[in-house]
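**Student:**
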Amino acid sequence: MKTILIPLLLGATAAFAQLADQATPADKVKIAKGFKVELLYSVPKAQEGSWVSMTQDDKGRMLCSDQYGALYRITPPALNGSPGETKVEKLSIDFGHCQGLLYHAGALYGVVNDDAYQGRGLYRCKDTNGDDQFDTVELLRSFPGKAGEHGPHGVIASQDGKSLYVMCGNQTPEPSCETSLVPRHWSEDQLYPMLLGRGFMRDVLAPGGWLAHTDLDGRKWELVNTGTRNTYDIAMNRSGDIFGFDADMEWDTGMPWYRPTRVCFMQSGGEFGWRTCSKKWPARWEDSLPAVVDIGPGSPTGVAFGYGAKFPAKYQDALFICDWSYGKMYAVHLSPNGAGYTGVTEEFMSASPLPLTDIEVSKKDGAMYVSVGGRKVQSGLYRVTYTGADSVQPSPQPEVKPLARRTLETFHGKQDPKAVDAAWPYLGDADRQTRFAARIALEHQPIASWKDKALNESNPRAALTALMGLIRSSGGDKAMQQPVLAALNKIDFKALKGLDRVTLVRDYMLAFTRMGEPDAATKEAVIKHLAPLFPTNDPALNRDLCEVLVYLGDASVVAKAEPWVNGSPTQEEQIDYARILRFAKTGWTKEVRADYFSWFLRAANYKGGASFDLFIGEIKQNALSTMTEEEKLAIKDVLDAKPEVKAPSFTAKPMQFVKAWTLAELSKSLGVGLEGNRNFANGRNMFGAATCFACHRFNNEGGAVGPDLTSVAGKYSPRDLLEHILEPSKEISDQYGSTVFTLQDGSTVIGRIANMKENIMMVCTNMMDPNNFTNVDARKVVKTEESKISMMPPGLLFMLKEDDILDLMAYLLSKGNPDDPMFVK
Numbered sequence: 000m001k002t003i004l005i006p007l008l009l010g011a012t013a014a015f016a017q018l019a020d021q022a023t024p025a026d027k028v029k030i031a032k033g034f035k036v037e038l039l040y041s042v043p044k045a046q047e048g049s050w051v052s053m054t055q056d057d058k059g060r061m062l063c064s065d066q067y068g069a070l071y072r073i074t075p076p077a078l079n080g081s082p083g084e085t086k087v088e089k090l091s092i093d094f095g096h097c098q099g100l101l102y103h104a105g106a107l108y109g110v111v112n113d114d115a116y117q118g119r120g121l122y123r124c125k126d127t128n129g130d131d132q133f134d135t136v137e138l139l140r141s142f143p144g145k146a147g148e149h150g151p152h153g154v155i156a157s158q159d160g161k162s163l164y165v166m167c168g169n170q171t172p173e174p175s176c177e178t179s180l181v182p183r184h185w186s187e188d189q190l191y192p193m194l195l196g197r198g199f200m201r202d203v204l205a206p207g208g209w210l211a212h213t214d215l216d217g218r219k220w221e222l223v224n225t226g227t228r229n230t231y232d233i234a235m236n237r238s239g240d241i242f243g244f245d246a247d248m249e250w251d252t253g254m255p256w257y258r259p260t261r262v263c264f265m266q267s268g269g270e271f272g273w274r275t276c277s278k279k280w281p282a283r284w285e286d287s288l289p290a291v292v293d294i295g296p297g298s299p300t301g302v303a304f305g306y307g308a309k310f311p312a313k314y315q316d317a318l319f320i321c322d323w324s325y326g327k328m329y330a331v332h333l334s335p336n337g338a339g340y341t342g343v344t345e346e347f348m349s350a351s352p353l354p355l356t357d358i359e360v361s362k363k364d365g366a367m368y369v370s371v372g373g374r375k376v377q378s379g380l381y382r383v384t385y386t387g388a389d390s391v392q393p394s395p396q397p398e399v400k401p402l403a404r405r406t407l408e409t410f411h412g413k414q415d416p417k418a419v420d421a422a423w424p425y426l427g428d429a430d431r432q433t434r435f436a437a438r439i440a441l442e443h444q445p446i447a448s449w450k451d452k453a454l455n456e457s458n459p460r461a462a463l464t465a466l467m468g469l470i471r472s473s474g475g476d477k478a479m480q481q482p483v484l485a486a487l488n489k490i491d492f493k494a495l496k497g498l499d500r501v502t503l504v505r506d507y508m509l510a511f512t513r514m515g516e517p518d519a520a521t522k523e524a525v526i527k528h529l530a531p532l533f534p535t536n537d538p539a540l541n542r543d544l545c546e547v548l549v550y551l552g553d554a555s556v557v558a559k560a561e562p563w564v565n566g567s568p569t570q571e572e573q574i575d576y577a578r579i580l581r582f583a584k585t586g587w588t589k590e591v592r593a594d595y596f597s598w599f600l601r602a603a604n605y606k607g608g609a610s611f612d613l614f615i616g617e618i619k620q621n622a623l624s625t626m627t628e629e630e631k632l633a634i635k636d637v638l639d640a641k642p643e644v645k646a647p648s649f650t651a652k653p654m655q656f657v658k659a660w661t662l663a664e665l666s667k668s669l670g671v672g673l674e675g676n677r678n679f680a681n682g683r684n685m686f687g688a689a690t691c692f693a694c695h696r697f698n699n700e701g702g703a704v705g706p707d708l709t710s711v712a713g714k715y716s717p718r719d720l721l722e723h724i725l726e727p728s729k730e731i732s733d734q735y736g737s738t739v740f741t742l743q744d745g746s747t748v749i750g751r752i753a754n755m756k757e758n759i760m761m762v763c764t765n766m767m768d769p770n771n772f773t774n775v776d777a778r779k780v781v782k783t784e785e786s787k788i789s790m791m792p793p794g795l796l797f798m799l800k801e802d803d804i805l806d807l808m809a810y811l812l813s814k815g816n817p818d819d820p821m822f823v824k
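Numbering that gives the first Met the number 0 numbers the first residue of the sequence shown as 0 and each following residue consecutively.
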């Protein structure tokens, strides 16, 4: 055992100058009002590695694991504010390499994510002789698959302390759990072949990342939910519900299937829709579960509730989540929302760099301890305490209200003769999480006991859910396709609204992906039923409808849909129509094909992740493969044209300067101008024309490098919102501010750290080009400071007329709802 005693560092830069290795000083860390940050320890990288996971033992000491090495035990100094000492011990036991740690029931549980020891799996360490040192290591369950960062991750105790939950990423095959709350008939469920891009994990199919439940000895395992990508850590609230912070593939940025990092309620039997490459499910598909809240770009790591912290009540009840790449910790304030949850995020702690890895709230002193490190970058341990005037009395235990969802979940994972009758009344429930729980209960029952009931259900909402369950449970029985399609055809599309319409179209998709391609007569019958419905006033629904109609061979859909390849206001929507139409074989004319392929000249200037150009190239090659040589020759001039390098434009209509609008000029029109006479479609188009969609997400579409604007109606008055757009540098969001890095040679780099490895910081300097990084050697940085200039450019509204600006404002304030009364119908 090695013991190190170091002085408590209080953020003085002079003290840091004496250290060869140092974590970001405390005075460079931004923290919420009333809180204080201390840097307790800068980890000597060469000797003690880079710490990625943390837990606390029964004496209030922190236990940390190097990503590629040993375990360390840290005794923090007292909270009295006087100089103290941080005691750091390297534990003598030959164990570490853990991305998940939990001290529980007198033992240390560790989740190993590489080939060390006996390989990937859940281990338990014990102190068998009472000398305050772990001396035995036991492998409780090994996990299949190869070593990688998408492997085994977090481990937490159950609410009663009698069992464990273990979280694994999508590089870890499910380890043959003895039981499963998830019906074991998962599938890819996409009509089209995937686009590969750079092909990362191209061979990894459903179920993707998974959460499992096991006893303290790791003997029996139960699969809880699936379909995440790479949730690193999980935390349980006082009601016994589990939450995770899931990532998406940063290489897919800019593509229609990219999803921001997001907080998920890890519901029983859940499916979260991760599929490899382009096959990921959009959040609107009801066979998966939606996010509690979208966060934005980042690399999720540790999460923890603030329970037990000597913080104000709202922070005690908050879910704290760490973003490794951008150095942000958020406090997510959760609220019940039907049978699930919704959340509001607040930036709690940040710095550049601050590669956050884990969080522990001390049971001994009520402080929050925060580790940074990973990928061999500089590691450290911080302490966060509250010094403000608000009360830090323990927040009250919330009332756990009886929910139908909880009752329905008792039928998950088993056959029960009472399940069908219990679930059926909730298949048409207004709450999505309740419907999901009811369907999963149904799918665990023998299909013969409810098939006819599903086919004859007269309530449209209940029928949609029941038929989805029936299709998924059918085992691919082609004989059931005709009855299922007949039942779907009976549902009146025009009587449905919103998500119900999307679910109807998704059910048609599933009937084809699960039960096979229908015969020609069936195709014609479904086309006759669906073609007149296209298009609708819902942009997302239109894409689903278009995909089904192209799959069935509808000759009329190309003429109706192709103009949106060039005419959609978002890069992602344009790409999606290009993707969908690439396999259309009928309905083309020379002019329509020329217009379609001319889009690729524009798309050459669009920006995205590392796979972006490859995805676009694949779409084009797929489209070319459906053409004859004569058809190619007819539009040879378009196919041979070379793209002109210029700034991306998301509108086919050229935009010209109108006026350098001021707040004073426009604010006088915000009152009467927003009352019931605005144009929804034009507002959405202007969001694209002003390039807002390039960086900002709104109503589940658009970019993700800037703040999600879906909730701006609840945060800003129309005047305040307009001011933020016209003067972006007047108030810069902490979440999306940039940093000025001054180097030894006097040069500067301005941007946001998006990734790190060892001493190299990868800085994104252009929000419009999120994959174009400038590498900065941290050893050559002499000064960092916040930039006073927003990464959002000014003048975005100068190309719009006043009515266009008012339509844009109305669109933003409506939260993307075309039925909002401010719009002309």
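Glycine included, every Cβ here is placed at the ideal spot set by N, Cα and C.
Looking at D293: is its Cβ nearer than 8 Å to the Cβ of D707?
**Tutor:** The answer is yes: Cβ separation under 8 Å.
**Student:** Whose C-alpha, out of L721, M61 and L799, is nearest the C-alpha of L380?
**Tutor:** Minimum Cα distance to L380 is reached at M61.
**Student:** Among V547, L70 and T386, which one has its Cα closest to the Cα of V848?
**Tutor:** The structure shown does not extend to residue 848, since the chain is modelled only from 0 to 824, so the question has no answer here.
**Student:** Taking the beta strand (DSSP E) that I749 falls in, what are its first and last residues?
**Tutor:** Where I749 is concerned, the enclosing beta strand (DSSP E) stretches over T747 to K756.
**Student:** Can you tell me where the alpha helix (DSSP H) with K452 in it begins and where it stops?
**Tutor:** First-last of the alpha helix (DSSP H) with K452: K450 to L454.
**Student:** Is it the case that the stretch 392-404 contacts the stretch 306-319, given that we only count it when at least three CB pairs across the two stretches are under 8 Å?
**Tutor:** At 8 Å Cβ cutoff, the stretches touch.
**Student:** Using 8 Å as the Cβ pair cut-off and three pairs as the minimum, do the stretch 52-59 and the stretch 98-118 touch?
**Tutor:** Because the criterion of three Cβ pairs below 8 Å is met, the stretch 52-59 and the stretch 98-118 touch.
**Student:** What's the C-alpha gap between D506 and F797?
**Tutor:** Near 44 Å, if we compare the C-alpha coordinates of F797 and D506.
**Student:** Using the rule of at least 16 other Cβ atoms within 10 Å of the residue's Cβ for burial, across every protein chain shown, is L600 buried or exposed?
**Tutor:** The residue in question, L600, is exposed, as its Cβ has fewer than 16 Cβ neighbours within 10 Å.
**Student:** Identify whether K86 lies in helix, strand or coil by the three-state DSSP scheme.
**Tutor:** Note: K86 maps to strand in three-state DSSP.
**Student:** Exposed or buried, which one is L551 when buried takes at least 16 other CB atoms within 10 Å?
**Tutor:** So L551 counts as buried.
**Student:** What does DSSP give as the partner residues of V504 in its beta bridges?
**Tutor:** The partner list for V504 (beta bridge, DSSP) is empty, contrary to what the question assumes.
**Student:** Secondary structure at S597, three-state DSSP: helix, strand or coil?
**Tutor:** Reduced to three states, the DSSP call for S597 is helix.
**Student:** Checking the sheet assignment: what are the DSSP bridge partners for K32?
**Tutor:** Per DSSP, none; premise fails for K32.
**Student:** Among R581, I759, A663 and R460, which has the Cα closest to the Cα of E722?
**Tutor:** Out of R581, I759, A663 and R460, A663 has the C-alpha closest to the C-alpha of E722.
**Student:** Assign Y576 to one of three DSSP states: helix, strand, or coil.
**Tutor:** Helix at Y576.
**Student:** Looking only at its own chain, which residues have a Cβ that is under 6 Å from the Cβ of P831, when we skip the five neighbours before and after it?
**Tutor:** Within the shown structure, residues of the chain are numbered from 0 to 824, placing residue 831 beyond reach of any answer.
**Student:** Spell out a yes or no on whether the stretch 360-370 and the stretch 270-280 are touching, meaning 3 or more CB-CB pairs, one atom from each, closer than 8 Å.
**Tutor:** Segments in contact, no.
**Student:** I think F271 touches D240, with their Cβ atoms under 8 Å apart; what is that distance to the nearest whole Å?
**Tutor:** Actually they are not in contact, since the Cβ atoms of F271 and D240 sit about 15 Å apart, beyond 8 Å.
**Student:** Distance check for G607 and M348, CA to CA, integer angstroms please.
**Tutor:** Looking at the two C-alpha atoms, the distance is approximately 28 Å.
**Student:** Mind checking whether R123 and E137 have CB atoms under 8 Å apart?
**Tutor:** Yes; because the gap between Cβ atoms is below 8 Å, this pair is in contact.
**Student:** With DSSP as the reference, label S624 as helix, strand or coil.
**Tutor:** Helix.
**Student:** Does P445 pass the burial test, meaning 16 or more other C-beta atoms within 10 Å, or should it be called exposed?
**Tutor:** P445 comes out exposed.
**Student:** Could you say which of K527, G616, N336 and K32 lies nearest to A388 if we only look at CA atoms?
**Tutor:** When each option's Cα is compared against that of A388, the closest is K32.
**Student:** Given a cut-off of 8 Å, decide if C176 and L215 are closer than it, judged by their beta-carbon atoms.
**Tutor:** Contact flag unset, no.
**Student:** State the Cα-Cα distance for the pair L39 and A366, rounded to the nearest angstrom.
**Tutor:** Answer to the nearest angstrom: the Cα atoms are 12 Å apart.
**Student:** Should G95 and S64 be called a contact, given that it needs their Cβ atoms to be closer than 8 Å?
**Tutor:** Yes, the Cβ-Cβ distance between G95 and S64 is below 8 Å.
**Student:** The beta strand (DSSP E) with Q414 in it runs from where to where?
**Tutor:** Premise fails: Q414 is in no beta strand (DSSP E) and is neither H nor E.
**Student:** Just how far apart, CA to CA, sit K631 and I439?
**Tutor:** Their Cα atoms are separated by approximately 49 Å.
**Student:** Flag this pair as touching only if the stretch 582-595 and the stretch 554-564 have three or more C-beta atom pairs under 8 Å; answer yes or no.
**Tutor:** Yes, the stretch 582-595 is in contact with the stretch 554-564.
**Student:** At the level of alpha carbons, what is the spacing between F511 and E523?
**Tutor:** About 14 Å.
**Student:** Got a sec: does the ligand HEM put a non-hydrogen atom nearer than 7 Å to the Cβ of R778?
**Tutor:** With respect to small molecules bound, the structure shown includes none, and the ligand HEM cannot be examined in it.
**Student:** Exposed or buried, K779, counting other C-beta atoms within 10 Å across all chains shown (16 or more means buried)?
**Tutor:** With fewer than 16 Cβ atoms within 10 Å of its Cβ, K779 is classed as exposed.
**Student:** In three-state terms, what does DSSP make of G687?
**Tutor:** In this structure, G687 counts as helix in the three-state DSSP scheme.
**Student:** Short of 7 Å in beta carbon distance, which residues of its chain neighbour R404, apart from the five on each side in sequence? Order them along the chain.
**Tutor:** Excluding positions up to five away in sequence, the list reads A338, Q432, T433 and A436.
**Student:** Is V165 helix, strand or coil when you go by DSSP?
**Tutor:** Strand at V165.
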